[in-house]
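Remarks on the structure that follows.
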Amino acid sequence: MKTSVTELFKIEYPIVSGGMVWCSGWRLASAVSAAGGLGLLGAGSMHPETLAEHIAKTRTALAGSGRPFGVNVPLFYPELERVIELLIAEQVPVVFTSGGNPALYTERLKAAGITVAHVVASSRFARKAEAAGVDAIVAEGFEAGGHNGRDETTTLTLIPQVREATGLPLLAAGGIATGRGMLAAMALGADGVQMGTRFALTEESSAHEAFKNRCIAMEEGDTMLCLKKLSPVRLIRNEFYHRVAEAEARGASAEELREILGAKRSKRGIFEGDLTEGELEIGQIASAIRRIVPAAEAVREVIDEFRTATAELRQWEI
């Protein structure tokens, strides 16, 4: 399968696994890359020393395959300079940046021979990312899990507008976990997809089994966007979420919300499996996922369904 995304990243299928905190370690990244997609390590939940270990283990797992991998770096990361230096020293082939100004490090990363993509939630920021020199854009709708855009623009609305704004290779993200979803995104102008939730709920994901099992039992409407005074984040409705929602409903200040959030709340929920008081970040599409499968099987299912759906569309007469 050939698109501008497969050409840019030198991959078989235009599928990228999101670099999710507490989910995207070396096992998941290497499994997705080995299956023909692009696996990303999630630097946001790793100290630089831990990230270096995961880069080394990913390389070992992919040795001899010629398959690339990448690292997702949130630009609000507290040890950002050390991580950038590490990525350059390790000659990581691909870096996805998010949550900040892409102009900060794009030129430096590209000068080191690294392919750079940036995650945006609006066409305005897509244009800014292109001006900063990135090689590709990820347009993420508010259906996505974790931290989210403030405009609450859906993927269906966002992708065609970003496509109008930039000619760069474009990945759609947010609410996509199936081959039909991938086909829909590409019909809207995307050249490929980034999937977070689908790969967070695979065997290789480092998320806690209790978290995974809670997610595959979800129904529609079991996640909500909250913490908008801080940084909007999509969470499963649990006791912690309801405490945040109550505080927001009565007009709590950002300072009070920070106090409720506390430290390491997402690690407590996603990695340690505290389903009551943990911050349980996942996308809306989790309600459509009912099985925890190996990442390679998830890739195959998406591609098989994409091909089936494409064939079905060819039967229509215009």
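Per this note's numbering, the sequence shown starts with residue 1, numbered consecutively. Just so you know, even glycine gets a beta-carbon here, dropped at the ideal spot from N, CA and C. Every value quoted in this text rests on a predicted model; they were computed, and no experiment measured them.
Ala172 sits in a strand when the DSSP states are folded into three classes. By the criterion of a C-beta distance shorter than 7 Å, Phe142 is surrounded in its chain by Asn148, Gly149, Glu152, Thr153, Thr154, Gly174 and Leu225, once the five residues flanking it on both sides are discounted. For Trp26, the CB contacts under 6 Å within the same chain, skipping 5 residues up- and downstream, are His54, Lys57 and Thr58 in chain order.
Going by DSSP, His242 is part of the alpha helix (DSSP H) stretching over Glu239 to Ala249.
Within the same chain, Thr223, Met224, Cys226, Tyr241, Glu279, Leu280 and Glu281 come within 7 Å of Leu235 by CB-CB distance, once the 5 residues on both sides are set aside. Counting other Cβ atoms within 10 Å of its Cβ, Lys264 stays below 16 and is therefore classed as exposed. Between Gly145 and Leu171 a beta carbon distance of about 16 Å is seen, past the 8 Å cut, so the two are scored as non-contacting. Its chain contains Ala139, Glu140, Gly141, Phe142, Asn148, Gly149, Arg150, Asp151, Thr153 and Leu158 as the residues whose beta carbon lies nearer than 8 Å to that of Ala121, once the 5 sequence neighbours on both sides are disregarded; these appear in chain order.
In this model, Arg307 and Thr115 are separated by some 28 Å (Cα to Cα). In the DSSP assignment, Cys226 falls within the beta strand (DSSP E) that extends over Thr223 to Cys226.
In the DSSP assignment, Ile15 falls within the unbroken beta strand (DSSP E) covering Ile15 to Ser17. Burial check for Trp316: the Cβ neighbour count within 10 Å stays below 16, so the residue is exposed.
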